[in-house]
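Written below as structure tokens is the structure these notes are about.
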Amino acid sequence: MSQNIEKPRLTYFSSRGKAEIIRLVLHAANVDFEDIGVGIWHPINKTQEFKDLVSSNQLTFDALPLFQNKEISLVQSSSILRYVSKKYGLMGTTIEEEALIDQFMEGISDIYDCLKSPFVISYPVANNINNTDNSGMTEVNDSLIEGKIEKVLKERLPKIFGQFERALQGKTYLANEKLSVADIWLFYIIDNLIEVLGDDVKQVVLKEFVNVLNLHERVGQVEGIKKHINNPNRYPKQTFMAVGYDKVLKKLVGQ
1 MSQNIEKPRL
11 TYFSSRGKAE
21 IIRLVLHAAN
31 VDFEDIGVGI
41 WHPINKTQEF
51 KDLVSSNQLT
61 FDALPLFQNK
71 EISLVQSSSI
81 LRYVSKKYGL
91 MGTTIEEEAL
101 IDQFMEGISD
111 IYDCLKSPFV
121 ISYPVANNIN
131 NTDNSGMTEV
141 NDSLIEGKIE
151 KVLKERLPKI
161 FGQFERALQG
171 KTYLANEKLS
181 VADIWLFYII
191 DNLIEVLGDD
201 VKQVVLKEFV
211 NVLNLHERVG
221 QVEGIKKHIN
231 NPNRYPKQTF
241 MAVGYDKVLK
251 KLVGQ
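All letters in the sequence shown, in the order written, are residues 1 to 255 by this note's numbering.
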């Protein structure tokens, strides 16, 4: 049990990262919470604030984000997301509603995996696993990665968004006609795509999915979410994948 915490506290590096969807859920539920940044994440040069947290044994797995309130001290972003969603009424009211929301959250995870997939391979790939020499090896280069990005944009992402489009047919929200964490997470990934890649992503990937775009608009008008995304002090967008996607998008728009 956490002690001496007057209001909920979310601690993370000074960026959006894994904490941003948690922030959006808390803002959607109008939770008054402390949003504490411990400096910019670096794989080697950790900030002193982060080192102090590790030394204090508050981080079960020596990683952030960390959520604390009077009842619990919790790490691991997925665990925190589900906890705050349940606590503040955004994870359904029955086990069946929760299961449906969980189902859609797994589908949204597929979108993230899809977006990251062109960058996963970082070594030559054998066309024939029985080869004992380097013959038949496919060298990983920019052209190969761009080809994978093009397939994501033209085939894989539209397929997944098409499934969400179908799930939203005749509905206001994904599950039980009530705003849930699944709607907020889908909103966030679409909003992030548009913010980072511009309207080109709408033209190439999203233009046929009216229900999905309507959900994005609807969730963006939720008071707490709207206030957060328009906050001038919000952490800046993260563009670590933008360069590869931006180049391929421009080519596809020009076709």
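Just so you know, even glycine gets a beta-carbon here, dropped at the ideal spot from N, CA and C. Predicted model only: the values in this text are computed from it and were never measured.
| Taking three-plus beta-carbon pairs below 8 Å as touching, is the segment 64-77 in contact with the segment 19-27? | yes
Alpha carbon of residue 231 to alpha carbon of residue 183, nearest angstrom: 21 Å
Whole-angstrom Cβ separation of residue 146 and residue 244, contact assumed at under 8 Å?
7 Å
Q.
According to DSSP, is residue 23 part of a helix, a strand, or is it coil?
A. helix
* Asked: Near residue 85, which residues of its chain fall below 6 Å by C-beta distance, leaving aside the five closest residues on each side in sequence?
  -> 25, 91, 181
**Q.** Bounding residues of the alpha helix (DSSP H) (the contiguous stretch that carries residue 166)
**A.** 157-167
| Limits of the unbroken beta strand (DSSP E) element including residue 37 | 34-37
Determine the direct distance from the alpha carbon of residue 186 to that of residue 59, and round the result to whole angstroms.
Distance between the alpha carbons of residue 59 and residue 186 is about 28 Å.
Touch test, the segment 209-228 against the segment 158-176, Cβ-Cβ under 8 Å, three pairs minimum:
yes
Can you give the beta carbon distance from residue 14 to residue 188, rounded, assuming they're within the 8 Å contact cut? Rounded, the Cβ-Cβ distance is 19 Å, inconsistent with contact.
Are residue 250 and residue 200 touching if we call contact CB-CB under 8 Å? It is a contact, given that the beta carbons lie within the stated cut-off.
TODO: Would you decide whether residue 43 is buried or exposed? Buried here means 16 or more other CB atoms lie within 10 Å of its CB.
DONE: exposed
- Closest by C-alpha distance to residue 30, when choosing among 48, 49, 47, 7: 7
message: Could you compute how far the alpha carbon of residue 143 sits from the alpha carbon of residue 56?
response: 47 Å
Beta-bridge partners of residue 12, as assigned by DSSP = According to DSSP, residue 12 bridges with 37.
Item to complete: Check each candidate in 228, 237, 190 and name the one with the smallest Cα separation from residue 217.
Response: 190
Run through the segment 43-81 for me and flag every whole alpha helix (DSSP H) of 4 or more residues, listed as ranges in chain order.
48-55
Within a Cβ cutoff of 7 Å, which residues of the same chain sit near residue 82, ignoring the five residues on either side of it in sequence?
91
What number of angstroms, rounded off, separates the C-alpha of residue 203 from the C-alpha of residue 72?
Here the C-alpha atom of residue 203 lies approximately 44 Å from the C-alpha atom of residue 72.
Check: With residue 205 and residue 153 assumed to form a contact (beta carbons below 8 Å), what rounded beta-carbon distance in angstroms separates them?
Finding: 6 Å
>> For a test of the three-state rule: what should DSSP assign to residue 238, helix, strand or coil?
In response: coil
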